[in-house]
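**Student:**
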Amino acid sequence: MKRALLLIGGAGLALSSSLAWASGPEDLLPPAFRDPPQATPTPTPAQPTPRPTTEPRTPTSQTPSAPNAPSAPSGSGGSSGSSDFRLPADFPSLRELEAMEGDEINDLFGLRPRFDIPEGARRAVEQVGVISQEEGGFPVASLAGQPAALVRAALQASDGPLVSRWGHILMRRALASRLDAPRGLNPVEFAALRAQALANMGEPVVARSLVQDVDGSEYNSALAGAAFDAYLGSGDLLGMCPVARLQSDLRDDGEWEMLQAVCSAYLGESRSANRRLDRALGTGVAEEIDVRLAQRFAGAAGTGGRAVNIEWEGVDELTPWRYSLARAVGEDLPEALGDDLPSSYRVSDVLIPATPLLQRVQNADTAAARGVISSAAMVDLYSQLWASDRYDAADKQLPAQLREAYVANTVADRVAAMRSLWGENADYGRLVLTAYAAARLPVNEALADDAGTFIASMLAAGLDRNALRWGATVPEGSQGWALLALAQPDRSGNVSRGAVDSYLDSDDSADMRKSAFLLAGLAGLGRIDSGDLSDFTDRVGVNLTRSSAWSEKISRAGELGNPALVSILAGLGMQGTSWDQMTPRHLYFITRALDQAGLSAEARMIAAEAVARG
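Here our numbering = 1-based position in the sequence shown + 544.
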């Protein structure tokens, strides 16, 4: 530490504006900064060891002679005498050095600290995660004894959203749990794989919390990439600054260079930030729209002193960088890019606080159907819009309907409000929204026609006890009956053959997909006779037991009772953006393995969701 302070002090002296090099008793400048000698010094004979003196040296026009002293290089970088030292060709001039700020000087001379946390406060890279076992997470050693190659492959393949809301919730729980890395898998790599999977599935806020559980000095390029995606997706670009400044060489791309500049601006180093961004624009390391957004963001630090005009003309692609910074600086996206946002951006819209409230509400359906936000959080968003004075009655139509679904004077009016919210196709995100309103309805045979939708809505939020109140009202073979047959926590026997037969007869879904999912769920939960199952699967035309490498792995994990590994493999089997991409065979192996591993509640909810959305 003392040595580092001396080095910093020496650099500060060398770069002072007066540059009074020879006024002290000792020359602190390195040879490269001295004036070149006028003549080659002549070696002198060896003398007895001289006694130290306090006499100051008289400044002369040439370097003092000394045995074995190397000659200083010329200002152009050449060398004289026997020295091989050369300054880099792009080394800044003295004028440029004087204009530099502390951050740039630290980078130039390698004076950045390796650690940003005192030694006693540093954390070991183990049990990294957000939720402990006591808080609902999985045991810390759940994956410690599993093959590293299997866990790595499963996490690397988890590169997108899941079709199932309940599958998403389960996968998020597994990835966010405090876990030890499998033996043979680097703990930092393990954290990076989990954070990247979370970001890919639409959970940037959880991914951000996970990467913050690792000290900045431990980051590698993979963890930095995952963290960067998480911070962009959550609209928190500045959260990346501590790591970016501590380890500036983790990445080498235009966005990383612009991030360094933005971080400098928010540390008060406005000149350094402006130069870096101007250089990025001039050298073309990033497109103009990206640099302009970064300049606007950096200017918000209050020290930029210049206005930045954002021009979207000619921009035909929306990237996470452009989207996140546009939201952060309040820049409206052009109509061509904003009206047809990909689902990943719609999810982030709900999570980024800077997004206008009306847009957050409009995109909440997508986030709720995915499993990113809960029914209660969705109701809170609608309530904020209802109470806001910034919007007129036309913008508050949806919150008004939701309010009617809860507090209308008659049951008929409440049901009518829910139907209006659902729409003709019973949008699943709206079913999540109305879950608690549906749970407040009285059980009434007059409502039996809508009972299946009421039950699906309640199960979307996990309200299975409320849904089971309708068990005596729904007829066997109906949609409501099918959902309850899967959602029941305990069942004394198998479902009746006649009830399943009636459901198949009335199924009007494409390729009888709902029937196929019902059979897969019942088989996975062990609630149908094997002989009946064989007859019905032949009728529907599905093979539930065909084996594959994935089915063997998840089945074995279920037999061994490892819920964390089963959850990750189940999430891998539900990758996709639509239930059209889900197969009954996958559902069968997922529900069976989850049930065997002690996750029967999750198995039941996933199976019921498949029938509701299939």
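Note that the Cβ used here is the ideal one computed from N, Cα and C, for glycine as well.
Check each candidate in Q700, D993, R1083 and name the one with the smallest Cα separation from D1055.
**Tutor:** Checked all of Q700, D993, R1083; the closest Cα to D1055 is R1083.
**Student:** Mind the definition here: the region 737 to 746 touches the region 700 to 716 only if three or more C-beta pairs lie below 8 Å; say whether that holds.
**Tutor:** Result yes; three or more Cβ-Cβ pairs closer than 8 Å.
**Student:** Give me the residue from L1104, T1121, I1134 with the minimum Cα distance to L1113.
**Tutor:** I1134
**Student:** Excluding the five sequence neighbours on either side, which residues of its own chain have a C-beta within less than 8 Å of the C-beta of G1142, listed in chain order?
**Tutor:** G1105, P1107
**Student:** Three-state secondary structure (DSSP) at S778?
**Tutor:** Residue state for S778 is assigned as coil, using DSSP reduced to three classes.
**Student:** Less than 9 Å between the C-beta atoms of L699 and L737, yes or no?
**Tutor:** yes
**Student:** Distance check for V894 and S1001, CA to CA, integer angstroms please.
**Tutor:** 21 Å
**Student:** Return the Cβ separation of E799 and R820 in integer angstroms, given the expectation that the two are a contact with Cβ distance under 8 Å.
**Tutor:** Under the criterion of beta carbons closer than 8 Å, E799 and R820 do not qualify as touching, at roughly 13 Å.
**Student:** Answer with buried or exposed for R958, where buried requires no fewer than 16 other C-beta atoms within 10 angstroms of its C-beta.
**Tutor:** By the neighbour-count rule (16 or more Cβ atoms within 10 Å), R958 is buried.
**Student:** Quick check on L794: does DSSP put it in helix, strand or coil?
**Tutor:** coil
**Student:** Could you give the distance in angstroms between the alpha-carbon of N953 and the alpha-carbon of R904?
**Tutor:** Approximately 29 Å, taken between the alpha carbons.
**Student:** How many angstroms separate the CA atom of Q906 from the CA atom of P636?
**Tutor:** Each residue's Cα considered, the two are about 52 Å apart.
**Student:** For a test of the three-state rule: what should DSSP assign to Q1119, helix, strand or coil?
**Tutor:** strand
**Student:** Could you work out which residue in E875, L1069, Y935 is closest to A844 when comparing CA atoms only?
**Tutor:** E875
**Student:** Measure the alpha-carbon distance for E678 versus W856 and round it to whole angstroms.
**Tutor:** Rounded to whole angstroms, E678 to W856 spans 49 Å at the Cα level.
**Student:** Closer than 6 Å by C-beta to G1065: which residues in its own chain qualify, once you throw out the five before and the five after it? Chain order, please.
**Tutor:** L1030, T1135, A1151
**Student:** When you compare each of V1039, K1058, G1102 to S1074 by their alpha carbons, which one comes out closest?
**Tutor:** Looking at the Cα atoms, V1039 is the closest of the given residues.
**Student:** Please identify the residue among T1121, Q804, S808 whose C-alpha is closest to the C-alpha of V707.
**Tutor:** Here the closest residue by C-alpha is T1121.
**Student:** Using a Cβ distance threshold of 8 Å, determine whether the region 882 to 900 contacts the region 722 to 732, with at least three qualifying pairs required.
**Tutor:** no
**Student:** From Q690, V787, V684, G760, pick the residue whose C-alpha is nearest to that of L723; which is it?
**Tutor:** V684
**Student:** Can you list, in chain order, the residues of its chain whose CB lies under 6 Å from that of S892, leaving out five sequence neighbours each side?
**Tutor:** G777
**Student:** Could you please give me the residues that DSSP links to S721 through a beta bridge?
**Tutor:** I675
**Student:** So what does DSSP say about L706, is it helix, strand or coil?
**Tutor:** strand
**Student:** Confirm, please, whether the CB-CB distance from V787 to F734 is below 9 Å.
**Tutor:** no
**Student:** What runs of the beta strand (DSSP E), each 3 residues or longer, lie entirely inside the region 964 to 1010?
**Tutor:** Segments of the beta strand (DSSP E) lying fully in the region 964 to 1010: there are none.
**Student:** Rounded to whole angstroms, how far is the Cβ of A1101 from the Cβ of A1137, which I believe are closer than 8 Å?
**Tutor:** 6 Å
**Student:** What would DSSP say about T1127, mapped onto helix, strand or coil?
**Tutor:** Reduced to three states, the DSSP call for T1127 is coil.
**Student:** Is the region 802 to 811 touching the region 833 to 842 in the sense that three or more CB pairs, one from each, lie closer than 8 Å?
**Tutor:** yes
**Student:** Measure how close the beta-carbons of V987 and R1013 come, nearest whole angstrom, since I'm counting them as under 8 Å.
**Tutor:** 5 Å
**Student:** Quick one, are the C-beta atoms of L977 and A912 less than 9 Å apart?
**Tutor:** yes
**Student:** What is the rounded straight-line gap between the Cα of R795 and the Cα of G689?
**Tutor:** 32 Å
**Student:** For Y763, which of helix, strand or coil comes out of DSSP?
**Tutor:** coil
**Student:** Can you list, in chain order, the residues of its chain with a C-beta nearer than 6 Å to that of W1025? Leave out the 5 residues immediately preceding and following it.
**Tutor:** V1018
**Student:** Once the 5 residues before and after A1156 are set aside, which same chain residues still bring their CB inside 6 Å of it?
**Tutor:** A1000
**Student:** Quick one: residues in its chain with C-beta nearer than 8 Å to the C-beta of S927, no 5 flanking neighbours on either side, listed in chain order?
**Tutor:** P943
**Student:** Excluding sequence positions up to five away, which residues of its chain have a Cβ less than 8 Å from the Cβ of D1139?
**Tutor:** Counting only Cβ-Cβ distances below 8 Å, and skipping sequence neighbours, we find G1068, L1069, G1070, G1102, A1147.
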